[in-house]
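Scroll down for the structure; my scribbles are underneath it.
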Amino acid sequence: TAPQSRLKSALGRLGPVGKFLDEMLERLAGGDDAKRLKIPQATGSIGAVGGQAFFIPLYELFLTYGGIFRLTFGPKSFLIVSDPAIAKHILRDNALGYSKGILAEILEFVMGKGLIPANYEVWKVRRKAIVPALHQKYVAKMIGLFGEASYSLCEKLDKAASDGEDVEMESLFSRLTLDIIGKAVFNYDFDSLTHDNGIIEAVYTVLREAEMRSTSPIPTWEIPIWKDISPRQKKANQALKLVNDTLDDLIAICKRMVEQEELQFHEEYVNEQDPSILHFLLASGDDVSSKQLRDDLMTLLIAGHETSAAVLTWTFYLLSKEPSIMSKLQDEVDSVLGDRLPTLEDMKKLKYTTRVINESLRLYPQPPVLIRRSLDDDILGGFPIKSGEDIFISVWNLHRSPKHWVDADCFNPERWPLDGPNPNEINQNFSYLPFGGGQRKCIGDMFATFETVVATAMLVRRFNFQMALGAPPVEMTTGATIHTTEGLLMTVTRRTRPPIIPKLETFTQIVNVDEPVALGE
Ligand code: HEM
Numbered sequence: 031t032a033p034q035s036r037l038k039s040a041l042g043r044l045g046p047v048g049k050f051l052d053e054m055l056e057r058l059a060g061g062d063d064a065k066r067l068k069i070p071q072a073t074g075s076i077g078a079v080g081g082q083a084f085f086i087p088l089y090e091l092f093l094t095y096g097g098i099f100r101l102t103f104g105p106k107s108f109l110i111v112s113d114p115a116i117a118k119h120i121l122r123d124n125a126l127g128y129s130k131g132i133l134a135e136i137l138e139f140v141m142g143k144g145l146i147p148a149n150y151e152v153w154k155v156r157r158k159a160i161v162p163a164l165h166q167k168y169v170a171k172m173i174g175l176f177g178e179a180s181y182s183l184c185e186k187l188d189k190a191a192s193d194g195e196d197v198e199m200e201s202l203f204s205r206l207t208l209d210i211i212g213k214a215v216f217n218y219d220f221d222s223l224t225h226d227n228g229i230i231e232a233v234y235t236v237l238r239e240a241e242m243r244s245t246s247p248i249p250t251w252e253i254p255i256w257k258d259i260s261p262r263q264k265k266a267n268q269a270l271k272l273v274n275d276t277l278d279d280l281i282a283i284c285k286r287m288v289e290q291e292e293l294q295f296h297e298e299y300v301n302e303q304d305p306s307i308l309h310f311l312l313a314s315g316d317d318v319s320s321k322q323l324r325d326d327l328m329t330l331l332i333a334g335h336e337t338s339a340a341v342l343t344w345t346f347y348l349l350s351k352e353p354s355i356m357s358k359l360q361d362e363v364d365s366v367l368g369d370r371l372p373t374l375e376d377m378k379k380l381k382y383t384t385r386v387i388n389e390s391l392r393l394y395p396q397p398p399v400l401i402r403r404s405l406d407d408d409i410l411g412g413f414p415i416k417s418g419e420d421i422f423i424s425v426w427n428l429h430r431s432p433k434h435w436v437d438a439d440c441f442n443p444e445r446w447p448l449d450g451p452n453p454n455e456i457n458q459n460f461s462y463l464p465f466g467g468g469q470r471k472c473i474g475d476m477f478a479t480f481e482t483v484v485a486t487a488m489l490v491r492r493f494n495f496q497m498a499l500g501a502p503p504v505e506m507t508t509g510a511t512i513h514t515t516e517g518l519l520m521t522v523t524r525r526t527r528p529p530i531i532p533k534l535e536t537f538t539q540i541v542n543v544d545e546p547v548a549l550g551e
């Protein structure tokens, strides 16, 4: 009732005393005190969780124990949250009461104080500096880049189609999004779709190390002597050094460019030769140490790379199982794009393509779990919790909860009406969190949506995709994102109708360069 909620908010302003009184009130109102105050404790052993993607057994436990329960492994205990109202409280309403906890500890070695792991003080300053770099004109410009990179991938697939070779799509998507994010963030052309080199290998070594650390039960990298002699550690450290040195060089090059530049900085500033986020930050006069800048670039590189690759992987897996959805998608792409490369205008028109991505993100959220640690005592779902609790918000469970979704496990882009709003955490009241929510929400949501829409549209316009004969079964494993255990081996065939290959004139016009661009290799 209104008086009760006024009383609650007045108590909230009273600090710890208010919190205590609020708890007492909750107890009195609840009747069944003991039950209300004790978070359900899931029983089981670490053995039950090991061996498969860890968020899978958490789903079963959610069905048994409900929207919040405690899971204990020896001395360690975690709260698993699968309830939208509790997720909203942690991520948005009381966001200041939670830190990134274990995640920040694990990612420190690679991201330092970058935006994802950063504590509140650092985060506040850096978020304000970086978000303006992803303005509308920048994102529109990036659509040209998405088209160009996806075109490269199409050429590669075309060759495989004529050679009759099956292709492992997961690693190709990873290379596609690496090429995109390198250009988009610091104007570096990894060109990983066409060749391999030391820096690409170093990026992957660092990524795998970060993923290994986030899933390893024992932090071997902290054991004093072991960390210096282990070959894996040595390799990871060397790779990290190479990536860091490369980033330092790129920062230096960009600084020189900015110094020589005449262009005045303004809100929608984009340098045509180098539209990267790094260039925007340096041109804005952002006063930041080079270590912090490097941490920010590394964070953006990692945040924007594997996530988008995973979304494309699972989208194509889902599409391969649903030919009717695939043909509806191809119909839309054919009629909206014809033989052109996608533009910003097309993003509004590729409605079904966007719904396919929305639905793929529901079934395979990247990452499947968000990590937090309570900084103060709090009340979650009526249960008091202490400061220092490690919390996993299972987006996987939220997105597949039978309470919130009809046929939760079914891939059904039609569940989102074409003329309705783009689904997000606000209009779905935290039952759907593809990009998180609250103040730590993803800053690349628009970028990533357009990137995956452009890539999907360009690929399905030109090819049909089927699971290859004898392909290994597609199962899940997890690092920061959901990977397949043995890749996504597909047979790619050219579509015979309608005209598919983009015209060179349209292409050069869209990427906005004076010289014609050499297409393909
Ligand atoms: C944060 C998802 C692409 C940059 C997040 C979070 C999610 C997410 C769920 C919240 C993490 C948390 O609350 O703990 C995704 C998905 C993507 C994607 C699914 C692709 C489909 C990108 C891209 C960029 C990016 C392309 C950069 C260009 C970031 C950053 C944060 C973040 C910097 C941290 C924000 C902060 O703490 O203030 N992302 N992301 N992401 N994402 Fe993304």
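Residue numbers for the sequence shown, in my numbering: 31 to 551.
Positions of the beta carbon are idealized from the N, C-alpha and C atoms, including for glycine.
The C-beta distance from Leu-380 to Ala-487 rounds to 6 Å, short enough to meet the 8 Å contact threshold.
Distance from the CA atom of Asp-376 to the CA atom of Leu-367, rounded to whole angstroms, is 7 Å. DSSP, reduced to helix, strand and coil, places Lys-106 within a strand of the structure shown.
By the CB criterion at 7 Å, Leu-331 and Ile-146 fall outside the cutoff. Note on geometry: alpha-carbon atoms of Leu-133 and Arg-238 lie some 15 Å from one another. By the 16-neighbour rule on beta-carbons within 10 angstroms, Asn-494 is buried. Counting along the chain, Ile-332 sits inside the alpha helix (DSSP H) bounded by residues 320 to 333. The C-beta separation of Met-172 from Phe-465 comes to about 17 Å, leaving the pair out of contact by the 8 Å criterion. A straight-line Cα-Cα distance of about 13 Å links Arg-205 and Tyr-181. For Pro-503, the closest alpha carbon among the candidates Ile-86, Thr-345, Asp-408 and Glu-516 is that of Glu-516.
Taken from the Cβ of Val-288, every heavy atom of the ligand HEM lies 6 Å or farther away. When the alpha-carbon of Ser-107 is set against those of Trp-426, Arg-402, Leu-448 and Val-522, the nearest one is in Arg-402. Short note on Ile-132: C-beta not closer than 6 Å to any heavy atom of the ligand HEM. With at least 16 other beta carbons inside 10 angstroms of its own, Gly-97 counts as buried. In the DSSP assignment, Val-399 falls within the unbroken beta strand (DSSP E) covering 399 to 404. When distances are taken from the beta-carbon of Ala-333 to the heavy atoms of the ligand HEM, the shortest one is below 6 Å. At a Cβ-Cβ threshold of 7 Å, Arg-370 and Pro-443 do not count as neighbours. Contact holds between the region 304 to 315 and the region 214 to 227, because three or more Cβ pairs, one in each stretch, are under 8 Å apart. Short of 8 Å from the beta carbon of Ile-255, and not among the five residues preceding or following it, lies no beta carbon of its own chain.
By the neighbour-count definition (other C-beta atoms within 10 Å, threshold 16), Gly-228 is an exposed residue.
If one requires a minimum length of 3 residues, the beta strand (DSSP E) runs lying completely within the region 484 to 513 are 493 to 497 and 506 to 508, in chain order. DSSP, read as helix, strand or coil, puts Phe-460 in coil. With contacts defined by Cβ atoms closer than 7 Å, Arg-243 and Ile-136 form a contacting pair. CA-CA distance, Glu-362 to Leu-349, rounds to 15 Å.
Around Gln-469, the same chain offers Ala-125 as residues with beta carbons nearer than 6 Å, after the five sequence neighbours per side are excluded. Runs of beta strand (DSSP E) with 3 or more residues, each lying fully within the region 385 to 452, are found at 399 to 404, 408 to 410, 413 to 415 and 420 to 424, listed in chain order.
In summary, Gln-360 is buried, with 16 or more beta-carbon neighbours lying within 10 Å of its beta-carbon over all protein chains present. In this chain, the alpha helix (DSSP H) harbouring Val-215 covers 199 to 216. For Arg-100, DSSP records a beta bridge to Gln-71 and Leu-109. With respect to Gly-104, Asp-420 sits apart: the two C-beta atoms are not nearer than 7 Å. Distances from the CB of Ser-338 to the heavy atoms of the ligand HEM include at least one below 6 Å. Contact annotation: the region 504 to 514 does not touch the region 182 to 192, with fewer than three C-beta pairs closer than 8 Å. Short of 7 Å from the beta carbon of Val-161, and not among the five residues preceding or following it, lie these beta carbons of its own chain, in chain order: Ile-473.
Residue range 519 to 524 is occupied by the beta strand (DSSP E) that includes Arg-524. Scanning its chain for C-beta atoms nearer than 7 Å, with the 5 sequence neighbours on each side dropped, one finds around Leu-175 the residues Ile-210, Lys-213 and Ala-214, in chain order. Counting of Cβ neighbours within 10 angstroms places Lys-143 among the buried residues, the total reaching 16 or more.
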